[in-house]
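Protein chains in written order, with the working numbering: chain Y, 220 to 604; chain H, 220 to 604; chain D, 361 to 710; chain B, 2 to 513.
Where a beta carbon is used, it is the ideal one built from N, C-alpha and C, also for glycine.
The structure displayed is predicted, hence computed values, not measured ones.
These notes concern the structure reproduced below.
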Amino acid sequence: MNKIVSSKRKKSKKIILEKFLKKNMNWIILLIMVLFLSLVTDSFLTARNLSNLIRQSTIVGIIAVGMTGVILLGGVDLSVGSIVGLAAVTVTLLMEKGLNEWISIILTLIFVGGLIGYWNGYWISRYKMEPFIVTLGMMTIARGLALTISKNSSIPVKNENFTKIAGSYISIKWSIILLSICLLYILIEVTYYAIKKREVLKNKSYIKNTLLKIFGILLLFLIFIMYKGIPNPVAIFSVIIIISIFILNNTKFGRDIYAAGGNREAARLSGIDIDKVHMKVFIITSVLAAFSGIILASRLNGASPSLGNMMELDAITAVAIGGTSLSGGIGGTFGTLLGIFIISILNNGMSLLGLPESYQLIIKGLIITMAVWGDIVSKNKKYHK
Amino acid sequence: MNKIVSSKRKKSKKIILEKFLKKNMNWIILLIMVLFLSLVTDSFLTARNLSNLIRQSTIVGIIAVGMTGVILLGGVDLSVGSIVGLAAVTVTLLMEKGLNEWISIILTLIFVGGLIGYWNGYWISRYKMEPFIVTLGMMTIARGLALTISKNSSIPVKNENFTKIAGSYISIKWSIILLSICLLYILIEVTYYAIKKREVLKNKSYIKNTLLKIFGILLLFLIFIMYKGIPNPVAIFSVIIIISIFILNNTKFGRDIYAAGGNREAARLSGIDIDKVHMKVFIITSVLAAFSGIILASRLNGASPSLGNMMELDAITAVAIGGTSLSGGIGGTFGTLLGIFIISILNNGMSLLGLPESYQLIIKGLIITMAVWGDIVSKNKKYHK
Amino acid sequence: MKNFFVLILIILSFLFILKYRKENFLKKSHKVKVGFLLKTMQEERYIKDKKYFEEAAKKYKMEVIFDSANNNERLQMEKLENMIAKGIDVLVLQPVNTGTASNMVEIAHKEGIRVVGYDSMIENSDVDVHVMQDSWKVGELQAKAMVKWFKEYRGEVKGNVALIMGQPGDSNAKAMSEGVLKVIAQNPGLKLVAKQSHENWASDKAMTTTENLMAKFNNNIDAFICNNSGLARGVIAALASYNLDSVGKIFVAGADADLVNVRYVAEGKQAIEIYKTIKPLAEKAAYAAYRLVVYKDKTNIDEILLYDRKVYNGYKSVPTIITPIYEVNKNNIDEVIIKNGFHKREDIYN
Amino acid sequence: MKKIAVKVENIIKDFPGVRALNNISLEVKYGEVFILAGENGAGKSTLIKVISGDYDYYFGKVYIDNILRTKENKIKKIAVIRQELNLVEELSVAENIFLGRLLKNKFGIIDWERIYLKSKELLKKLSIENIDVKEKIKNLSISQRQIIAIAKALSKKTDIIIFDEPTSALSENEIKTLFKIINDLKNKGVAIIYISHKIDEYSYIGDKIAILRDGSLIGRVQNLKEITLDEIITKMVGRDISDMYPKETIDIGEKIFEVRNIFLKHPKYNDRYVVKNVSFQLKKGEILGIAGLMGAGRTQLMLSIFGAYEGEIEGEIILEKKELNIKSPKDAIENGIVMVTEDRMKKGLFLENDINFNVITVDKLLREISNKIGVLNFDRGKKLIRKYIEEIKVKVESLNIPIKNLSGGNQQKIILSKWLATNPKIIILDEPTKGMDVGAKVEIYKIINKLLKEGMSIILVSSELPELLGLSDRILVMNEGEIVTEFTRENATQKKIMAFATGNFKRGEIDE
Ligand SMILES: Nc1ncnc2c1ncn2[C@@H]1O[C@H](COP(=O)(O)OP(=O)(O)OP(=O)(O)O)[C@@H](O)[C@H]1O
Ligand SMILES: Nc1ncnc2c1ncn2[C@@H]1O[C@H](COP(=O)(O)OP(=O)(O)OP(=O)(O)O)[C@@H](O)[C@H]1O
Ligand SMILES: O[C@@H]1[C@@H](O)[C@H](O)OC[C@H]1O
Ligand SMILES: [Mg+2]
Ligand SMILES: [Mg+2]
């Protein structure tokens with residue numbers, strides 16, 4: 220008889236449970252956090268707090284969307300945090316100079332987001348420099364610029380319209396309409412598949428995703444209808460998320476990103492313009508970071524040059540927790556969204572619990588490690604080299 | 220006649236100059252900085268300032284030595300800055316509890332450096348997690364720990380001996396003796412080659428290096444003899460540098476690092492225990508960071524939990540400027556030393572010039588980018604993926 | 361698949377709870393909830409802020425919801441939102457950024473929560489009350505002490521001064537520095553030879569700056585004025601290596617009166633510290649918060665509490681309770697620090 | 002009786018979805034050369050990895066010198082030359098040879114002197130003199146690397162050596178040297194397991210043969226004397242292969258493509274040329290073979306035509322009487338020139354992705370199936386993929402299978418179908434059948450014929466002379482970056498080609 224050299228064989232029941240646990244590690248972490256917080260605090264599971272929480276996640280969330288693209292390419296962008304600060308300062312200064320809010324926003328997106336992205340992209344694609352070091356340099360430069368143009372001080376916003384951009388809510392009526400449209404769209408899609416392409420409905424992960432989407436929308440319904448409607452930044456963020464998922468999955472550009480991140484050389488030899496892909500991704504990321512800075516300035520009613528400090532690390536963390544491999548090629552925005560929520564719930568929960576800052580840091584570090592560990596173990600992913 | 224498809228052809232004279240410029244980009248940057256600062260400020264080129272400058276570079280320098288190993292493996296360690304803070308706080312607290320300074324130092328090295336390094340190494344080697352994310356988690360955790368154990372406050376040092384460790388100088392007499400020994404060693408080596416292995420002396424880069432070493436030591440002679448002798452931290456740092464160069468070039472462990480960083484799979488199949496190499500490197504790096512924290516506490520006569528903030532980025536920058544490729548396998552400590560000096564001279568110079576912080580940041584970012592660009596262009600190195 | 365449904369079920373049951381949970385359920389408790397939101401806990405002094413505030417709140421039978429924001433203004437706004445979700449009745453706020461905190465006041469006001477500005481001025485805002493020391497005055501006091509020192513040790517007010525500033529962009533750092541600069545401008549004999557910000561208030565960076573300056577001016581600097589105690593510690597550490605860490609040789613001033621610095625003052629290494637009285641600050645803030653809740657329906661602050669004077673913050677004149685700041689020098693440590701219970705005698709001397 | 006070196010019993014090794022080895026038992030004795038034969042994906046490399054101890058988990062037993070291998074007792078005495086070479090590019094030749102076993106002096110410090118000396122010795126034994134032992138691996142060609150990998154295994158001084166396709170990148174001369182060394186080793190009593198797809202090598206050096214198909218042993222282990230090559234092939238593929246090189250006569254048309262005076266500068270050394278003054282023409286429906294030894298510059302020449310060469314290029318490229326300015330592979334593809342590169346894993350495949358992705362991810366195709374703003378039409382994409390996959394007869398259950406789970410042959414077919422979908426005029430094949438079994442090779446050859454019929458022209462770079470001779474209409478021979486001669490199909494022979502490839506004759510000289 221064969222003897223088993225391997226000691227890995229276990230009873231099948233155990234394996235199934237283990238597999239389940241591993242496969243859904245992030246969801247489990249999320250669930251445990253939610254359960255725990257609901258039981259221990261009075262305020263976590265209120266529509267208001269959840270609405271806050273979702274809104275709070277948008278600032279880093281917008282950046283993390285761009286960062287997902289960068290990390291899919293196997294790179295990293297450390298300059299986004301400083302860009303947030305620089306953009307916030309720039310947009311407020313422009314308005315202070317008397318420019319209309321929309322013009323200020325557009326100028327900021329172009330000159331802060333676009334130019335910095337171009338700079339990063341230039342060195343990275345033209346000279347094949349490491350994104351880490353190029354964006355580290357830019358992180359320093361952009362912070363210096365923010366300090367310089369703001370003369371080291373904070374700038375208030377007096378423009379009411381600007382403040383409304385991130386400060387107000389979509390009315391409950393419109394919120395209901397919008398969410399219903401989303402729901403309808405999903406239902407139509409399902410029906411379409413049911414009629415035209417039966418085989419899709421047999422795909423487990425498709426079903427899982429659809430259920431998840433429906434469930435998510437219902438949850439949002441509850442939250443936003445019970446509390447003021449959809450916050451503007453959340454609406455903006457949702458649009459960005461949807462567009463980015465669409466781009467990554469359904470456009471040539473998205474494909475190019477996966478190809479360039481998965482095997483640079485093979486992609487190049489397949490005629491894909493690697494340099495252009497890098498350039499575009501870094502520009503988009505910077506523009507999104509600038510946009511995030513603008514929203515932040517609007518939320519804060521003003522700006523200071525130190526805004527966005529260390530935000531790059533939060534964004535990277537969200538992407539990593541969301542299962543995008545730091546060596547590129549694998550992952551996507553949907554995971555990042557999950558990552559963002561894990562971090563936001565964590566921050567929100569610890570703050571509701573009134574934990575001291577020092578403990579918050581420790582717990583946050585532990586959870587980051589565990590979440591990424593769960594992701595790695597579950598997908599049997601490994602970092603190479 | 221041949222037609223030129225590529226437009227890249229240039230005249231040969233230009234090429235030679237260009238080649239020279241490219242090849243020595245970092246040295247040229249260094250030289251320009253030194254020249255500029257010598258002309259513009261009265262104080263840059265004084266023994267005292269240079270002695271300061273070298274001493275100032277040791278704190279980040281010690282960390283950068285460890286970081287060189289980590290980066291040679293293709294990883295990165297973001298936790299070192301927090302370890303500096305945690306170690307500084309720990310060692311002072313232990314002394315406050317009445318422990319002898321040496322015992323406190325050893326306990327700190329073991330329990331802060333060793334344990335954290337083990338933690339990082341564990342996740343990275345056992346689960347093949349990305350060093351970036353593991354050490355990012357640890358960066359947060361260690362900072363939290365530092366805040367917790369110090370109760371957010373600064374801790375004084377009353378122990379005179381401890382203060383002396385980093386505060387005092389090796390007497391001028393001994394400094395002369397030590398430096399002379401170094402010089403002698405080099406001369407003996409050259410003589411040995413001249414007699415036994417003529418061909419080595421024909422090796423351009425060997426001659427260049429030897430001349431560089433001799434010149435360096437003479438310079439140190441001048442500086443340290445004119446000003447108080449060798450500062451203790453500089454002596455310590457020198458020893459660490461020499462050991463690390465030796466380890467990387469002449470021991471199995473060192474070569475294993477290059478192999479593992481250059482081609483993980485090939486190294487593994489050659490019987491190299493990749494996991495162990497990672498474990499060792501991360502432990503050494505943490506211990507060095509802890510050591511750096513201890514020296515910093517000694518210099519400052521006390522510690523506060525926020526010490527070392529962002530120092531990881533300085534260390535990584537130094538390594539990158541020094542020509543170690545962030546994707547692993549290429550580089551070494553000697554380059555890192557150059558990188559450290561570039562950064563230190565930059566910081567020192569800008570501070571002597573009295574530039575405001577905001578400009579300092581901009582210039583620093585630009586120089587980082589240029590230096591690494593120079594390195595990449597000169598060696599035709601590229602980041603892959 | 362089955363497992364997935366279990367998961368959904370669990371989540372659905374949560375929804376159930378969510379739906380049937382009335383928000384005002386939170387407000388059932390009768391205790392007044394006061395939110396106390398600091399900018400960070402990463403400085404020594406803030407432990408005291410928290411402790412004194414909690415003690416004082418207890419006296420008024422208020423429940424304290426405490427949080428701090430890691431020096432991050434975005435985070436601070438989020439924390440405020442969390443606090444509001446927890447149902448606070450009144451807010452005591454130390455802004456991370458004095459320039460952009462007005463929005464937080466507005467958010468709180470929209471929820472019917474009144475705001476006490478703490479420690480620093482919340483500019484351009486409709487804040488209800490300020491309880492603060494005057495940061496500008498801190499700088500002024502440091503500089504005046506320096507002038508006195510010059511007269512005493514040098515016979516004339518003539519020499520080189522270095523200003524060691526905190527986080528670039530920090531509004532308190534800015535205010536303190538302006539106070540210093542004004543005094544220097546009034547004394548033509550004083551020359552400002554350096555003015556350098558330090559990222560993260562890092563004391564090791566201050567040490568490096570000091571070393572560079574001493575080399576640059578060949579030890580010819582007479583005074584260092586620092587925005588906080590940590591920076592002053594860096595300066596002292598650098599001076600120590602030249603044996604210049606002594607009041608007789610070089611004047612060093614810090615602010616916050618951290619334990620180590622008070623010790624330096626006692627040992628004669630550092631000339632002065634500024635003690636920003638934290639106990640009265642915290643107590644007055646708790647008092648103001650309490651009154652603001654109790655007299656919710658009154659709009660005129662004059663009828664609610666006693667304050668020192670009105671200070672214009674760019675938007676309106678804010679009723680302000682000013683807490684004292686003191687110079688700490690070798691001779692008054694007992695009186696200023698120990699008697700107030702700020703540090704213990706045995707901690708300072710031994 | 003010879004002693005038993007390796008014995009395996011009832012080995013089963015599963016990968017997700019595949020049983021790579023199914024109940025394999027065999028033994029290898031000292032002093033014999035044991036051939037492992039089998040198609041791509043038959044499980045040869047997997048068996049090697051089980052034997053050498055790379056895998057911790059498998060069913061069955063492995064004995065080395067009659068000692069059972071366990072997790073605790075891994076017995077690391079076997080030297081393996083792996084299919085995927087595994088050298089560290091940034092390190093020197095010498096260090097790679099001694100990697101993991103660097104020689105030390107009595108203080109435990111690495112003794113570089115001895116390492117260099119020993120490496121030189123080893124290379125000398127392999128009749129390689131032109132490789133500097135201090136040179137970095139990254140500056141070597143693939144064939145040179147292969148030799149270093151062999152040297153590395155030989156340096157281990159063990160008495161069990163496994164060669165997993167050592168000759169697929171070697172020239173005939175080098176192969177001869179290698180065989181001499183293997184023979185010497187055998188005579189010294191070393192046990193050797195030898196894997197190769199070049200079946201004619203078997204009778205040359207082998208003693209025994211085991212044939213694997215789909216993870217199972219076909220028949221028993223036999224003496225090579227008892228079995229004919231045809232029988233081996235039949236057993237391997239499970240059917241008869243009548244004609245190895247099914248060359249079909251196709252009408253060769255007009256000149257379609259020409260390169261003139263191509264010079265390629267070395268990307269690092271400005272004064273060195275990798276390719277010098279190369280000119281040639283290609284006609285419609287023609288297969289132009291290019292022969293040459295390792296490092297002759299064939300790959301670089303092809304890369305330059307394809308727009309992927311990294312250094313400076315001079316010369317003219319003319320397609321259908323139009324001069325092209327090709328700056329990137331994209332330009333080449335646009336103009337109907339495509340290239341199947343020699344290093345499949347590193348430069349051809351997206352290993353983490355499925356078949357779908359691998360076929361469609363070509364700039365041109367992606368653009369073809371997307372609308373103006375770049376939104377992809379997956380239905381159109383799938384149709385395209387199916388069409389070309391069917392055309393090339395890849396048998397796969399689904400297009401969602403990760404490409405890394407396919408055998409080498411199937412992977413190569415996927416790459417071919419991807420290029421076909423771009424509608425090329427000229428296909429450059431660089432070692433297209435490297436490391437493939439006979440069955441898969443013949444299939445590739447059939448595809449090549451089909452392509453010619455459809456009006457394409459092919460440039461075939463290959464180190465396997467029989468393949469070149471069997472398929473090409475004309476053969477160019479390169480030596481040190483230059484084309485030294487040209488043969489027609491009729492008057493080319495292996496011997497003549499080698500004479501020119503080795504530089505023994507120069508351009509214009511007439512042989513014999
Ligand atoms: N790491 C792996 N994961 C999954 N499947 C694998 C793995 N390695 C090999 N396989 C599969 O196992 C089978 C045997 O592969 P193996 O590499 O042993 O074949 P081989 O006989 O060496 O083929 P070739 O001649 O192409 O080298 C193939 O179907 C292959 O796809
Ligand atoms: N990227 C590169 N950098 C430096 N040298 C290179 C590079 N690529 C190729 N060379 C050199 O160019 C020469 C030609 O190599 P090429 O790969 O074209 O040979 P080949 O004829 O295809 O041989 P084979 O593939 O059998 O090794 C070799 O001497 C090689 O060392
Ligand atoms: O007390 C100081 C505070 O006023 C300033 O704003 O931040 C640093 C502290 O040390
Ligand atoms: Mg194989
Ligand atoms: Mg080739």
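Assigned exposure category for residue i - 16 Cβ within 10 Å defines buried
| i | result |
| --- | --- |
| T277 of chain Y | buried |
| I251 of chain H | exposed |
| D272 of chain B | exposed |
| K269 of chain B | exposed |
| S517 of chain Y | buried |
| E249 of chain B | exposed |
| Y203 of chain B | buried |
| V259 of chain Y | exposed |
One or two residues paired with residue i in a DSSP bridge
| i | result |
| --- | --- |
| T680 of chain D | D:H490, D:R669 |
| V34 of chain B | B:I193 |
| L398 of chain D | D:S428 |
| L213 of chain B | B:G39, B:L218 |
Whole-Å CB distance - residue i paired with residue j, under 8 Å assumed
| i | j | result |
| --- | --- | --- |
| S298 of chain H | N339 of chain H | 6 Å |
| V462 of chain B | R261 of chain B | Their Cβ separation, rounded to whole angstroms, is 19 Å, which puts V462 of chain B and R261 of chain B out of contact at 8 Å. |
C-alpha distance - residue i paired with residue j, whole-angstrom precision
| i | j | result |
| --- | --- | --- |
| N572 of chain D | Y117 of chain B | 49 Å |
| L367 of chain B | S197 of chain B | 38 Å |
| K609 of chain D | N578 of chain D | 14 Å |
| L27 of chain B | T494 of chain B | 40 Å |
| D133 of chain B | I110 of chain B | 23 Å |
| S329 of chain B | F307 of chain B | 7 Å |
| S577 of chain Y | K384 of chain B | 58 Å |
| T458 of chain D | K636 of chain D | 18 Å |
| I285 of chain B | T362 of chain B | For the record, residue 285 of chain B in the displayed sequence is Lys; it is not Ile. Their Cα atoms are separated by approximately 28 Å. |
query = Is it a yes or a no for the region 533-544 of chain D touching the region 376-387 of chain Y, going by three-plus beta-carbon pairs under 8 Å?
reply = In this structure the region 533-544 of chain D does not lie against the region 376-387 of chain Y, because fewer than three pairs of beta carbons, one per stretch, are closer than 8 Å.
inquiry  = Counting beta carbon pairs with one atom in the region 399-406 of chain Y and one in the region 363-381 of chain Y, are three or more of them shorter than 8 Å?
reply    = Flag = no, the region 363-381 of chain Y and the region 399-406 of chain Y do not touch.
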